[in-house]
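Input: a single structure, listed below in C-alpha cells.
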Amino acid sequence: MKIFDTHTHLNDPAFSGNTQQFIDNAKELDVDEMAIIGSNEEFNIEAIRLAQNYQPLHAVIGWHPEFAKEYNEEQLVNQIKLPEVVGIGEIGLDYHWEEDPEPKIQQKVLIQQLDVAKQYNMPVSIHCRDAFDDMYQILKNHDMSKSGIIMHSFNGDVEWLNKFLDLGLWISYSGVVSFKNAPEVHESAKETPLDRLLVETDAPYLTPEPYRGHTNQPAYTRYVVDAIAKYKGITPDEVAEHTFNNAHQVYNL
Numbered sequence: 000m001k002i003f004d005t006h007t008h009l010n011d012p013a014f015s016g017n018t019q020q021f022i023d024n025a026k027e028l029d030v031d032e033m034a035i036i037g038s039n040e041e042f043n044i045e046a047i048r049l050a051q052n053y054q055p056l057h058a059v060i061g062w063h064p065e066f067a068k069e070y071n072e073e074q075l076v077n078q079i080k081l082p083e084v085v086g087i088g089e090i091g092l093d094y095h096w097e098e099d100p101e102p103k104i105q106q107k108v109l110i111q112q113l114d115v116a117k118q119y120n121m122p123v124s125i126h127c128r129d130a131f132d133d134m135y136q137i138l139k140n141h142d143m144s145k146s147g148i149i150m151h152s153f154n155g156d157v158e159w160l161n162k163f164l165d166l167g168l169w170i171s172y173s174g175v176v177s178f179k180n181a182p183e184v185h186e187s188a189k190e191t192p193l194d195r196l197l198v199e200t201d202a203p204y205l206t207p208e209p210y211r212g213h214t215n216q217p218a219y220t221r222y223v224v225d226a227i228a229k230y231k232g233i234t235p236d237e238v239a240e241h242t243f244n245n246a247h248q249v250y251n252l
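So the sequence shown is numbered by numbering that gives the first Met the number 0: it starts at 0 and just counts up by one.
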C-alpha cells in the first residue's frame with residue numbers, strides 16, 4: 000500500500016526540527032509522499048526548502064485568503080518555476096472569521112492566483128470555508144480543467160459535491176471524514192467517484208479518529224483512507240491505490 004497526503008503543513012512550527020521523524024512515522028503507516036502546502040511568503044519559502052531537502056516531499060505555494068492583503072504575484076510566478084513546486088495553494092475564500100479580509104479582496108486575490116495557475120498550467124489547492132456559493136461562481140467562470148483543481152478538506156453535502164464534480168474538481172477528504180458527527184461528509188465520501196478522490200491530513204489540524212484531540216501528522220492519512228474505505232464498502236488498499244495515482248495525476252508527478 001502507498002498513500003499520498005495531498006495537503007499537509009510540515010512547514011508549520013509544530014513540526015520544526017523534527018521533519019525526518021514525521022516522515023519516518025508516515026512511512027510506518029504507508030504514507031510515502033506528501034504535498035507541503037504554503038499560505039504566505041514565510042510558509043511558502045519553508046515548503047520549498049523542505050521539498051528541496053526531503054525526497055518524499057513536494058511544495059505547493061500560494062496565498063491563503065487570510066493573507067490576501069500580502070499577496071505578491073511576482074514572487075509566486077518566480078517560485079512556481081522551481082522543480083520542487085507542483086501546485087499553487089492553498090488559495091481560496093474564508094468567510095468564517097467575520098469576513099476579514101473583506102470578501103472582495105479575497106475574491107480578487109483568488110482570481111489573480113487562478114489566472115497565474117492557468118497561465119503556467121499548474122494545479123491549485125482550494126481552501127473554501129463558509130463560501131461555497133461565491134467559490135462555485137468563481138470557478139464556474141474560470142475554466143481550469145486543463146490545470147486541475149483540488150477542493151481541499153471538502154466538508155459539503157452531496158449536492159455541493161456534485162456541483163463541484165461537474166466543474167471537474169478533485170475532491171480531497173481530511174480527518175473530518177472520520178468524525179462521528181459529520182454524516183454529510185460520510186455520505187459525500189461514499190458518493191465521490193474513485194477517479195476524483197484524494198486524501199489528506201491538513202496536519203497539524205483536523206486530526207482523525209482515533210487520535211482526535213491530539214496534534215495531527217501525515218502518518219494519520221492512513222486513518223482517512225480507512226474511514227473512506229468503510230463508507231464506500233471497499234478495502235483500504237483500493238482507496239490508497241486510487242488516491243495515490245490521482246495525486247500523481249493532478250500534481251503531474
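Built from N, CA and C at the ideal position, the CB exists for glycine as well.
Note to self: Here's the rule: buried if 16 or more other CB atoms are within 10 angstroms of the residue's CB, otherwise exposed. What is G213?
What the structure shows: Counting from 1 along the sequence shown, the entry for residue 213 is found at position 214. First, the amino acid is wrong: residue 213 is His here, not Gly. Exposure of H213 is indicated by the presence of fewer than 16 other C-beta atoms within 10 angstroms of its C-beta.
Q. Skipping 5 residues on each side, what residues in its chain have a beta carbon closer than 6 Å to that of I152?
A. By one-based count along the sequence shown, residue 152 stands at place 153. The question names Ile, but residue 152 in the sequence shown is Ser. Counting only Cβ-Cβ distances below 6 Å, and skipping sequence neighbours, we find S173, D201.
From the DSSP output, read off the bridge partner residues of F3. Against the sequence shown, residue 3 aligns to sequence position 4. According to DSSP, which records beta bridges pairwise, F3 is partnered with E32.
- Message: As a quick exercise: from G232, L196, K189, V176, pick the residue whose alpha carbon is nearest that of L205.
- Response: The sequence position of residue 205 within the sequence shown is 206, counting from 1. The closest CA to that of L205, considering only G232, L196, K189, V176, is found on V176.
Selected residue, minimal CA-CA separation from D4, among F131, Y210, Y135, V59: Locating residue 4 in the sequence shown gives position 5, counting from the first residue. For the residues F131, Y210, Y135, V59, the minimum Cα distance to D4 belongs to V59.
Practice prompt. In angstroms with no decimal places, state the Cα-to-Cα distance between D11 and I227.
Written response: Residue 11 sits at position 12 when you count from the first residue of the sequence shown. Residue 227 sits at position 228 when you count from the first residue of the sequence shown. D11 and I227: Cα-Cα distance of roughly 26 Å.
**Asked** Which value, in whole angstroms, describes the spacing of the CA atoms of E186 and E27?
**Response** Here residue 186 is taken as the residue at index 187 of the sequence shown, counted from 1. Here residue 27 is taken as the residue at index 28 of the sequence shown, counted from 1. Roughly 29 Å separates the two Cα atoms.
Practice task
Look up M150 in the DSSP assignment and give the residues it is bridged to.
Solution key: Numbered from 1 along the sequence shown, position 151 holds the residue referred to as residue 150. Paired residues: I125, I170.
Pairs of beta-carbons, one from the stretch 81–96 and one from the stretch 44–53, closer than 8 Å: are there three or more? With the cut-off at 8 Å, the stretch 81–96 and the stretch 44–53 touch.
Local conformation of H57 per DSSP, three classes: Counting from 1 along the sequence shown, the entry for residue 57 is found at position 58. Three-state DSSP puts H57 in a strand.
(message) I need the DSSP call for L160, collapsed to helix, strand or coil.
(response) Taking the first residue of the sequence shown as 1, we reach residue 160 at position 161. Of the three classes helix, strand and coil, the one that applies to L160 here is helix, per DSSP.
Item to check | L252 versus F243 - alpha carbon distance | outcome: Counting from one through the sequence shown, the residue named residue 252 turns up at place 253. Counting from one through the sequence shown, the residue named residue 243 turns up at place 244. The alpha-carbon separation between L252 and F243 amounts to approximately 11 Å.
request  = Give a yes or no on contact between the stretch 145–165 and the stretch 187–198, applying the rule of three or more CB pairs nearer than 8 Å.
outcome  = Yes, they touch.
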